[in-house]
Amino acid sequence: MTQNIVVHPPLQVYDPCTYSDITRYFTRKLSLELDVDPFQRHIRGVARIVLECLRIDADVSIVLDIRGLKIGNVENTSTRKQLDFSQVKGGKFGDILKIFLDTPVAPEQMIEIAITYETNAEGEEHPAGSCCGWLSPEQTVGRKSPYLFTQSQPIHARSLFPCQDSPSVKAPYLATISVPSGFKAIMSGILVNEKELFETAKGKLQNIYRFEQSIPVPSYLVSLAVGDLESQELSERCRIWSEPEIIESACFEFGLTEQFLKTAESIAGFYLWSRYDLLCLPPFFPYGGMENPCLAFVTSTLLVGDRSLVYVIINEIAHSWSGNLVTCASWEHLWLNDGIATYLARKIIARVLHNQNPNRAKVEAFFGLEASIGRDALQEAIHFYGDEHNYTRLVPFVHSQFDPDDSFSVVPAEKGFNLLLKLEREIGGEERFLRFLRSYFEHFKFQSITTDDFVSYFSEYFDALFPDASFDSKNRIELSNFDWNTWLYGTGEPPEYASFDLSLVNHARQLAQQCLDTQCEMLTWHDVDEWETTQMVVFLNHLLASDKLTYEAVKKLDFQMRFSQGRWSRNAEVRFIWLRVSLRSHYEPSVENAIDFVTSQGRMKYVRPIYKDLYYIYPQGDLALKTFEENRHRYHSIAAKLIARDLELIEN
Numbered sequence: 118m119t120q121n122i123v124v125h126p127p128l129q130v131y132d133p134c135t136y137s138d139i140t141r142y143f144t145r146k147l148s149l150e151l152d153v154d155p156f157q158r159h160i161r162g163v164a165r166i167v168l169e170c171l172r173i174d175a176d177v178s179i180v181l182d183i184r185g186l187k188i189g190n191v192e193n194t195s196t197r198k199q200l201d202f203s204q205v206k207g208g209k210f211g212d213i214l215k216i217f218l219d220t221p222v223a224p225e226q227m228i229e230i231a232i233t234y235e236t237n238a239e240g241e242e243h244p245a246g247s248c249c250g251w252l253s254p255e256q257t258v259g260r261k262s263p264y265l266f267t268q269s270q271p272i273h274a275r276s277l278f279p280c281q282d283s284p285s286v287k288a289p290y291l292a293t294i295s296v297p298s299g300f301k302a303i304m305s306g307i308l309v310n311e312k313e314l315f316e317t318a319k320g321k322l323q324n325i326y327r328f329e330q331s332i333p334v335p336s337y338l339v340s341l342a343v344g345d346l347e348s349q350e351l352s353e354r355c356r357i358w359s360e361p362e363i364i365e366s367a368c369f370e371f372g373l374t375e376q377f378l379k380t381a382e383s384i385a386g387f388y389l390w391s392r393y394d395l396l397c398l399p400p401f402f403p404y405g406g407m408e409n410p411c412l413a414f415v416t417s418t419l420l421v422g423d424r425s426l427v428y429v430i431i432n433e434i435a436h437s438w439s440g441n442l443v444t445c446a447s448w449e450h451l452w453l454n455d456g457i458a459t460y461l462a463r464k465i466i467a468r469v470l471h472n473q474n475p476n477r478a479k480v481e482a483f484f485g486l487e488a489s490i491g492r493d494a495l496q497e498a499i500h501f502y503g504d505e506h507n508y509t510r511l512v513p514f515v516h517s518q519f520d521p522d523d524s525f526s527v528v529p530a531e532k533g534f535n536l537l538l539k540l541e542r543e544i545g546g547e548e549r550f551l552r553f554l555r556s557y558f559e560h561f562k563f564q565s566i567t568t569d570d571f572v573s574y575f576s577e578y579f580d581a582l583f584p585d586a587s588f589d590s591k592n593r594i595e596l597s598n599f600d601w602n603t604w605l606y607g608t609g610e611p612p613e614y615a616s617f618d619l620s621l622v623n624h625a626r627q628l629a630q631q632c633l634d635t636q637c638e639m640l641t642w643h644d645v646d647e648w649e650t651t652q653m654v655v656f657l658n659h660l661l662a663s664d665k666l667t668y669e670a671v672k673k674l675d676f677q678m679r680f681s682q683g684r685w686s687r688n689a690e691v692r693f694i695w696l697r698v699s700l701r702s703h704y705e706p707s708v709e710n711a712i713d714f715v716t717s718q719g720r721m722k723y724v725r726p727i728y729k730d731l732y733y734i735y736p737q738g739d740l741a742l743k744t745f746e747e748n749r750h751r752y753h754s755i756a757a758k759l760i761a762r763d764l765e766l767i768e769n
């Protein structure tokens with residue numbers, strides 16, 4: 118490893134989602150050797166893990182997280198002795214790999230173990246599924262070769278390699294990936310060496326790639342993709358990867374990445390990760406994007422042709438500081454990743470717009486538009502959970518059965534955004550708060566932290582600026598009209614929402630209300646011809662919330678606005694909300710459109726609500742269940758599990 122970075126083990130962290138005892142041993146280095154067979158959906162691997170002993174215990178063993186892995190042998194690399202081990206069923210989060218050491222290890226002493234294993238990586242025997250998304254050729258854009266991508270957040274890296282699968286454990290890694298000729302492998306690290314058409318001892322032609330990630334990362338950020346891939350340079354430090362069939366369109370769509378990254382640096386500080394590459398994945402990737410360091414994953418559903426959905430990239434860029442550089446120590450503190458990233462992303466977008474057109478009123482109106490859409494999404498999530506539900510807290514209470522897959526929603530992002538905006542306005546404005554964030558990133562870089570760490574540093578930082586500041590019983594700085602407990606631990610909506618320029622929002626809502634009042638008699642295409650995607654989203658969300666459009670009104674709206682054909686039909690964000698509006702009005706032509714939508718891509722933001730609407734709102738017999746069962750194998754295991762739960766096929 119080229120850097121010597123010290124990561125401090127967060128000894129006071131309780132993480133119920135890992136079976137490894139992170140207070141006894143702490144991963145310091147990781148090295149992977151993986152032989153990936155995308156045809157057989159099979160991985161053989163060796164994981165070499167260097168762990169530091171943190172404290173002596175009578176039980177001389179190391180415990181790691183695994184799921185769906187067949188362990189071959191374990192070796193102490195120092196003594197070259199084979200170590201005894203056991204695999205124990207651990208429950209809903211996977212299994213326990215217990216390794217019995219041949220010699221005692223003293224505190225601060227390092228031990229390196231090598232684990233040989235294999236997996237089909239699909240995890241079908243376990244309800245929690247796997248990090249690996251194996252795609253058949255038919256599920257790719259080119260329809261010629263199989264494809265592999267990994268999605269490990271929050272607790273699925275354990276199905277790719279044995280590990281301490283907790284965000285509190287960060288380590289640098291090396292990886293050597295062997296794939297069949299005709300395939301490329303890319304990872305969330307820097308490519309340091311490659312050998313193509315290398316003949317193995319068994320006479321097979323393989324491509325071998327070696328990667329290094331010298332900055333410590335948690336296990337969920339060790340990512341891998343294998344497929345028929347090619348790339349184009351966007352700038353000296355930015356490159357786009359995709360299947361050959363979409364490389365040109367992806368290159369255009371994400372062509373502003375360097376500009377976005379420079380703007381982010383002007384707000385958050387120097388970008389430490391060397392490269393910022395993008396992988397545009399096939400449409401069955403379950404998320405809009407994933408902030409893997411050096412190689413962000415983005416969905417091909419963003420390829421609209423007009424860059425109208427490209428701001429998703431800015432959110433992933435913001436995670437380079439919030440989440441990747443400074444990481445939540447356990448999943449109840451997810452807002453430290455997502456809330457701060459959402460706040461940063463909206464500030465970056467505002468500055469990008471200002472640089473393009475320094476019209477302050479337009480920039481503030483667009484910021485209000487983005488914040489309003491976030492507020493709508495937050496309110497919908499709270500309605501889904503219920504006002505008093507634990508998962509509506511910014512910092513939910515955790516217990517032994519806390520499943521971070523279930524708690525992942527917009528709540529940490531949007532409640533966190535509103536908290537930071539409140540703090541910004543309490544302490545004297547944007548510039549002062551952004552200076553604090555830059556100091557925060559510098560102070561905690563490479564570490565995993567808790568909400569208490571954030572609040573403590575915030576209080577310490579502003580105590581120096583406000584000598585007369587007072588503190589509560591938990592040594593938190595007191596602010597006017599602000600209560601830490603309510604904001605951090607209260608259920609339901611935030612205590613308050615900040616005021617914004619809502620001119621663009623109000624225009625869209627007024628037009629939507631007019632549409633409701635007249636049942637779409639007065640609306641024409643020209644009324645919305647120059648709208649951004651975000652304005653159309655506000656318009657449709659207002660219609661969705663009202664639930665008052667008749668079948669005939671929706672039919673008229675479809676004809677006038679060309680939702681089923683033309684510009685908006687190619688925009689996944691607009692198509693998604695339009696389908697929800699039309700299904701609620703029992704608009705029959707949308708059923709076939711909805712089925713096509715959920716079977717042609719697997720982004721959970723889209724497919725889960727549409728399946729639920731087909732199941733609950735406008736049921737067509739067993740159409741939703743039948744469609745899901747026929748296509749279940751196409752979705753990533755995380756998506757399949759949650760859709761099955763939505764459709765009452767498995768219990769909550």
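Residue numbers (the working numbering): 118 to 769.
Think of the CB as a built atom: it goes at the ideal place given N, C-alpha and C, for glycine as much as any other residue.
As the structure is a computational prediction, the values presented were derived from the model and not from experiment.
Residue from the options whose Cα sits closest to the Cα of residue i
i	options	result
Phe202	His659, Met653, Glu192	Glu192
Thr635	Leu666, His643, Leu619	Leu666
Ala164	Ala711, Phe402, Ile232	Ile232
Phe156	Asp585, Gly250, Asn748, His500	Gly250
Ala292	Val286, Phe300, Leu277	Leu277
Pro224	Ser178, Leu171, Gln204	Leu171
Pro263	Val296, Ser269, Ile566	Val296
Arg687	Leu426, Ala670, Lys479, Leu218	Leu426
Thr416	Ile734, Arg749, Tyr723	Tyr723
Val309	Ser298, Thr317, Tyr290	Tyr290
Gly491	Glu610, Arg141, Leu628	Glu610
Asp580	Leu551, Asp600, Ser590, Ile544	Ile544
Tyr131	Thr267, Arg260, Thr567	Thr567
Ala288	Ala625, Val124, Tyr578	Val124
Trp685	Asp423, Val286, Glu746	Asp423
Coarse secondary structure for residue i, derived from DSSP in three states
i	result
Ala482	helix
Arg549	helix
Gln677	helix
Leu605	helix
Tyr704	coil
His753	coil
Lys215	strand
Glu649	coil
Val512	coil
Arg477	helix
Leu740	helix
Tyr732	helix
Leu461	helix
Tyr326	strand
Gly456	helix
Ser717	helix
Residue range of the unbroken beta strand (DSSP E) whose run includes residue i
i	result
His159	159-170
Cys368	Run containing Cys368: none in the beta strand (DSSP E); it sits in the alpha helix (DSSP H), 364-370.
Ile232	227-236
Leu147	142-154
Leu381	The sequence shown places Ala at residue 381, rather than the Leu named in the question. Here Ala381 belongs to no beta strand (DSSP E); instead the alpha helix (DSSP H) covers 374-385.
Val415	412-416
Asp394	394-398
CB-CB length for residue i against residue j, believed under 8 Å
i	j	result
Pro333	Glu347	Incorrect: roughly 31 Å between the Cβ atoms, too far for contact.
Arg180	Lys209	Contrary to the premise, residue 180 reads as Val rather than Arg in this sequence. With a Cβ gap of about 17 Å, Val180 and Lys209 do not count as contacting.
Glu229	Ser195	6 Å
Ala381	Ile465	5 Å
Enclosing alpha helix (DSSP H) for residue i [first to last residue]
i	result
Cys632	620-635
Phe575	568-582
Ala530	528-543
Ser524	521-524
Asn432	429-435
Contact test: residue i Cβ vs the ligand SAM heavy atom, cutoff 7 Å
i	result
Trp452	By its list of ligands, the structure shown contains no ligand whatsoever, and the ligand SAM lies outside what it can speak to.
**Message:** If we require 3 or more residues per run, which beta strand (DSSP E) segments fall completely within the region 330-357?
**Reply:** 341-344, 347-350
Ordered list of beta strand (DSSP E) runs contained in the region 247-315, each at least 3 residues: 249-252, 264-267, 287-297, 301-304
Ranges of the beta strand (DSSP E) found wholly within the region 176-218, counting only runs of at least 3: 178-183, 187-193, 198-208, 211-217
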